[in-house]
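K.L.:
Please read through the structure below; I'll follow up with questions.
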Amino acid sequence: MQTRNSNPQADWPEALLRSLLEQGSVHIGEITIERDGSDFVLLGPPGEVERQEMDLPTEAFRQWVRRTEEGAYRPLSGALTLRRGWKRRCAGLAQLIEDLDAIYPMALQHVHLFRQGRLPGVGPSEVLARQGVLKDGEEAEPALAEAVTASLCSRCARVPAWGDRPNMAANAIPCPEPCSLWVSLYRVGAGWGDERPEPAEPDLAVGFAEFTKPGNPTREALLQHLVAPSDGVSGKTP
Amino acid sequence: MSSQKKQTLVLVGHGSHYNRQSSAPVFQHAARMRKRGLFDEVRVGFWKEEPSLARCLDGLSAGVATVVPLFMSSGYFTEQVVPREMKLSGSLTQRGALSIRYTGPIGAHAGIADLIRERAREAGADASTAIAVLGHGTPRNPNSEKTIYEQAERVAKAREFAEVVTVFLDQEPGMGRIWELTRAYHVVVVPLFMSDGWHVDETIPDELGLSGQQALRGERVMSYTPAIGTHPRISGIIDALIRDFTE
């Protein structure tokens with residue numbers, strides 16, 4: 053993420069992490085951070101066997117976390133599909149910051165800005181209009197937007213920080229606006245109109261973003277939410 | 672960077688929902704730039720990945736941010752998508768105490784022609800070889816093809832190879848015509864793409880009938896190189912774009 057320097061504006065990530073770590077270990081998304089003297093240890097979600105040491109250069113580590121256990125590409129960095137059962141030693145805060153950014157890009161900036169009240173949320177209608185999905189003056193279809201959020205964002209460690217959402221936990225990663233996958237899923241749902249396809253059995257072998265393919269778990273969840281709307285992502289534990 | 676103001680470099684690219692290789696060169700070039708320590712901070716931003724173009728400047732409130740588009744042509748993405756998503760008003764945007772400089776795309780820089788020649792030589796090209804410069808092209812923006820033709824022209828002007836032709840993935844002349852447009856025994860296809868992603872790794876080899884890095888037709892041989900954007904010397908072009916920036 054950052055190259056450390058003497059610029060005082062660059063000191064906030066250290067301050068933020070120090071404050072989060074005051075209680076000892078801290079959870080960010082699916083990651084746990086523990087102190088070990090002046091070093092830190094990043095812990096992935098627990099697995100069934102003893103944790104494997106992940107001693108890779110940062111760029112190799114970034115590519116490693118971008119794949120699931122099965123080797124599938126994770127286009128959504130916050131997707132709750134991080135590999136399990138690993139730990140990674142970070143020599144100092146700078147390394148920890150770089151590694152966290154490799155897992156959850158911009159997450160620390162967004163936590164920092166959200167805590168300061170300086171992370172304005174941009175809602176679905178604005179994003180869709182900006183990207184030309186909606187015409188001028190059009191609003192996102194509320195039921196569809198809510199169903200897309202419920203189907204996709206419930207699979208993500210980031211918590212929507214736009215619209216009317218529940219209070220954010222201190223270590224939750226705020227998501228300032230619908231991401232490109234959200235927009236893609238909305239477009240698929242909007243394309244169905246009133247002629248929704250028949251649901252299919254969720255198939256984990258279908259790519260995460262292949263929303264037009266029957267069996268894609270997020271697509272199937274969207275179909276389900278459109279038939280029986282839920283209360284969005286409010287039940288999610290950040 | 673000698674200025675006391677905070678200097679941030681932001682490399683922006685397309686990214687992909689389907690292929691993780693698509694963004695890999697952007698991360699690699701960012702890592703190279705970071706290692707050199709010329710900037711206080713090096714960030715990345717993507718259209719189809721995270722961090723998004725729209726949010727990759729979050730938290731920057733002062734200093735100078737230089738945005739370099741890692742795209743292979745001037746066109747739809749560099750002229751419409753990136754400025755719109757990043758709220759850029761031109762080559763220089765002033766946002767409070769933050770100055771945002773927006774350079775041209777790496778693909779339009781004259782130095783790319785040298786990398787095309789180098790890629791061709793790596794694939795065994797010599798004075799008897801035909802080079803096919805393969806660009807994406809798009810009917811959406813006529814400027815997109817212009818950059819590709821200009822690079823091919825630069826390669827031709829060097830007179831290092833017997834023939835130089837330009838073909839496209841998504842417009843005419845299509846890449847399926849490479850055999851017909853060239854006469855040399857050996858044709859080297861150099862994809863003017865940013866990454867060895869979906870197109871370079873899958874759709875183009877399929878359409879060209881490649882087996883590994885080669886295809887045969889009668890007595891003739893076609894060789895296929897890695898994408899230009901993966902070349903380590905792209906960092907030098909990033910340097911040049913920053914150095915030569917004018918409003």
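Chains as they are written, first to last, in the numbering used here: chain A, 53 to 290; chain B, 672 to 918. Virtual Cβ for every residue (Gly too), placed ideally from N, Cα, C. Remember, predicted model here, so these are calculated numbers, not experimental data.
Does the beta carbon of Q104/A sit closer than 9 Å to a beta carbon anywhere in chain B?
P.N.:
One-based indexing of the first sequence puts residue 104/A at position 52. For Q104/A, the answer is no, since every Cβ of chain B falls outside 9 Å of its Cβ.
K.L.:
Using the DSSP secondary-structure output, state which residues sit across from T764/B in a beta bridge.
P.N.:
Working through the second sequence from its first residue, we reach residue 764/B at position 93. Its beta-bridge partners are I771/B.
K.L.:
Using the beta-carbon of each residue, which ones in chain B are nearer than 7 Å to R114/A?
P.N.:
Taking the first sequence and counting its residues from 1, the one referred to as residue 114/A is at position 62. Chain B residues near R114/A: F698.
K.L.:
Skipping 5 residues on each side, what residues in its chain have a beta carbon closer than 7 Å to that of G267/A?
P.N.:
Residue mapping note: residue 267/A aligns to position 215 of the first sequence, counting from 1. For G267/A, where only same-chain residues beyond five positions count, the Cβ hits under 7 Å are A252, E253, P254, D255, V258.
K.L.:
For M893/B, which beta-bridge partners are listed by DSSP?
P.N.:
Residue mapping note: residue 893/B aligns to position 222 of the second sequence, counting from 1. Under the DSSP definition of a beta bridge, M893/B partners with V858/B, A886/B.
K.L.:
So L180/A is in the alpha helix (DSSP H); what residue range does that whole segment cover?
P.N.:
Looking up residue 180/A in the first sequence gives position 128. 176 to 182 is the span of the alpha helix (DSSP H), which, as asked, contains L180/A.
K.L.:
Looking at the structure shown, is H688/B part of a helix, part of a strand, or coil, going by DSSP?
P.N.:
Within the second sequence, residue 688/B is the residue found at index 17, counting from 1. Note: H688/B maps to coil in three-state DSSP.
K.L.:
Starting from G806/B, follow its DSSP beta bridges and name the residues at the other end.
P.N.:
Position 135 of the second sequence, counted from the start, is the residue given in the question as residue 806/B. Its beta-bridge partners are F839/B.
K.L.:
Check each residue of the region 244 to 264 of chain A: if its Cβ is closer than 8 Å to any Cβ of chain B, include it; give the result in chain order.
P.N.:
G259, F260, A261, E262
K.L.:
Could you name the residues of chain B that Q161/A contacts, counting a contact when the two beta carbons are closer than 8 Å?
P.N.:
Locating residue 161/A in the first sequence gives position 109, counting from the first residue. Per Cβ cutoff of 8 Å: D729, G730.
K.L.:
Where does G845/B fall in DSSP's three states?
P.N.:
Within the second sequence, residue 845/B is the residue found at index 174, counting from 1. Note: G845/B maps to strand in three-state DSSP.
K.L.:
Tell me whether the beta-carbon of G900/B lies closer than 9 Å to the beta-carbon of G782/B.
P.N.:
Reading the second sequence from its first residue, position 229 is the one you call residue 900/B. Reading the second sequence from its first residue, position 111 is the one you call residue 782/B. Result no, Cβ atoms of G900/B and G782/B do not sit closer than 9 Å.
K.L.:
Considering only C-alpha positions, which residue in the set R87/A, E191/A, F166/A is nearest to A224/A?
P.N.:
The residue labelled residue 224/A in the question sits at position 172 within the first sequence. If we check each option's Cα against that of A224/A, F166/A comes out closest.
K.L.:
Taking its Cβ as the centre, do 16 or more other Cβ atoms sit within 10 Å of P813/B, making it buried, or is it exposed?
P.N.:
One-based indexing of the second sequence puts residue 813/B at position 142. Its Cβ having fewer than 16 others within 10 Å, P813/B is exposed.
K.L.:
Give every residue of the same chain whose Cβ lies closer than 7 Å to the Cβ of A886/B, excluding the five residues on either side of it in the sequence, and list them in chain order.
P.N.:
Position 215 of the second sequence, counting from 1, holds the residue named residue 886/B. Around A886/B: L879, G880, M893.
K.L.:
Rank Q115/A, E272/A, T110/A, G173/A by C-alpha distance to the C-alpha of P127/A and give the top, closest one.
P.N.:
Taking the first sequence and counting its residues from 1, the one referred to as residue 127/A is at position 75. Nearest option by C-alpha distance: Q115/A.
K.L.:
What does the alpha-carbon distance come out to for the pair P60/A and H79/A?
P.N.:
Here the question's residue 60/A lines up with position 8 in the first sequence. Here the question's residue 79/A lines up with position 27 in the first sequence. Bear in mind that the predicted position of P60/A carries a pLDDT of just 41, short of 50, making it unreliable; the figure below should be weighed with that in mind. If you take the alpha carbons of P60/A and H79/A, they lie about 27 Å apart.
K.L.:
Comparing alpha-carbon positions, which option in L912/B, H902/B, E750/B, G734/B lies nearest K676/B?
P.N.:
As a position in the second sequence, residue 676/B is number 5, starting the count at 1. Checked all of L912/B, H902/B, E750/B, G734/B; the closest Cα to K676/B is G734/B.
K.L.:
Chain B beta carbons: is any one of them nearer than 9 Å to that of P176/A?
P.N.:
Stepping through the first sequence from its first residue, residue 176/A is reached at position 124. For P176/A, the answer is no, since every Cβ of chain B falls outside 9 Å of its Cβ.
K.L.:
Are at least three pairs of beta-carbons, each pair with one atom in the region 802 to 822 of chain B and one in the region 835 to 844 of chain B, less than 8 Å apart?
P.N.:
yes
K.L.:
So for N59/A, helix, strand or coil by DSSP?
P.N.:
Position 7 of the first sequence, counted from the first residue, corresponds to residue 59/A. Model confidence at N59/A stands at a pLDDT of 45, short of 50, so the residue's coordinates are unreliable and nothing is read from them.
K.L.:
Check each candidate in F263/A, Q147/A, E66/A and name the one with the smallest Cα separation from P109/A.
P.N.:
Along the first sequence, one-based indexing puts residue 109/A at 57. Measuring from the Cα of P109/A, the nearest candidate turns out to be Q147/A.
K.L.:
Taking the alpha-carbon positions, what's the D63/A to S799/B distance?
P.N.:
Position 11 of the first sequence, counted from the start, is the residue given in the question as residue 63/A. Position 128 of the second sequence, counted from the start, is the residue given in the question as residue 799/B. D63/A and S799/B: Cα-Cα distance of roughly 58 Å.
K.L.:
Does the distance from the C-beta atom of M680/B to that of R714/B stay below 9 Å?
P.N.:
Walking along the second sequence from the start, residue 680/B turns up at place 9. Walking along the second sequence from the start, residue 714/B turns up at place 43. Note on identity: in this sequence residue 680/B is Leu, with Met being the wrong assignment. Their beta carbons are under 9 Å apart, which means L680/B touches R714/B by this criterion.
K.L.:
Relative to the C-alpha of D153/A, which residue among Q104/A, A199/A, L69/A, G215/A is closest?
P.N.:
Here residue 153/A refers to the residue found at position 101 when the first sequence is read from its first residue. Here the closest residue by C-alpha is L69/A.
K.L.:
Are the beta-carbon atoms of P776/B and L724/B separated by less than 9 Å?
P.N.:
Position 105 of the second sequence, counted from the first residue, corresponds to residue 776/B. Position 53 of the second sequence, counted from the first residue, corresponds to residue 724/B. No, Cβ-Cβ distance for P776/B and L724/B is not below 9 Å.
K.L.:
For my contact list, A124/A and F260/A are in at a C-beta cut-off of 8 Å; report their separation, rounded to the angstrom.
P.N.:
For the purposes of this step, residue 124/A is identified with residue 72 of the first sequence, where counting begins at 1. For the purposes of this step, residue 260/A is identified with residue 208 of the first sequence, where counting begins at 1. Going by Cβ atoms, the distance from A124/A to F260/A rounds to 7 Å, so yes, they are a contact pair.
K.L.:
How would you list, in chain order, the residues of chain A whose beta-carbon sits under 7 Å from the beta-carbon of S723/B?
P.N.:
By 1-based counting over the second sequence, the position of residue 723/B is 52. C231, S232, listed in chain order.
K.L.:
Quick check: the Cα distance between P696/B and A280/A, rounded to an integer number of angstroms?
P.N.:
Sequence index remark: in the second sequence, residue 696/B carries index 25 (1-based). Sequence index remark: in the first sequence, residue 280/A carries index 228 (1-based). Looking at the two C-alpha atoms, the distance is approximately 43 Å.
K.L.:
In the DSSP assignment, find the beta strand (DSSP E) that holds D107/A and state where it starts and stops.
P.N.:
Here the question's residue 107/A lines up with position 55 in the first sequence. Counted as a single uninterrupted DSSP element, the stretch harbouring D107/A is not any beta strand (DSSP E), since DSSP gives it neither H nor E.
K.L.:
In whole angstroms, give me the CA-to-CA distance for Q842/B and A803/B.
P.N.:
Here the question's residue 842/B lines up with position 171 in the second sequence. Here the question's residue 803/B lines up with position 132 in the second sequence. In a straight line, the C-alpha of Q842/B is about 15 Å away from that of A803/B.
K.L.:
Using a 10 Å radius around the Cβ and a threshold of 16 neighbouring Cβ atoms, would you call Y238/A buried or exposed?
P.N.:
Counted from its first residue, the first sequence places residue 238/A at position 186. Y238/A comes out buried.
K.L.:
In this structure, how does DSSP classify R271/A when only helix, strand and coil are distinguished?
P.N.:
Translated into the one-based positions of the first sequence, residue 271/A becomes position 219. Here R271/A sits in helix by DSSP.
K.L.:
P897/B and P862/B: beta carbons closer than 9 Å?
P.N.:
Here residue 897/B is taken as the residue at index 226 of the second sequence, counted from 1. Here residue 862/B is taken as the residue at index 191 of the second sequence, counted from 1. In this structure, P862/B lies closer than 9 Å to P897/B by Cβ.
K.L.:
Just to check my reading of the structure: P172/A and R136/A have Cβ atoms closer than 8 Å, yes? What is that Cβ distance to the nearest angstrom?
P.N.:
Sequence index remark: in the first sequence, residue 172/A carries index 120 (1-based). Sequence index remark: in the first sequence, residue 136/A carries index 84 (1-based). With a Cβ gap of about 35 Å, P172/A and R136/A do not count as contacting.
K.L.:
Keeping to the same chain, check which residues put their C-beta closer than 7 Å to that of D867/B; ignore five residues upstream and five downstream.
P.N.:
What you label residue 867/B is simply residue 196 of the second sequence in a count that begins at 1. So the list reads Q692, P897, A898, T901, once near-sequence residues are dropped.
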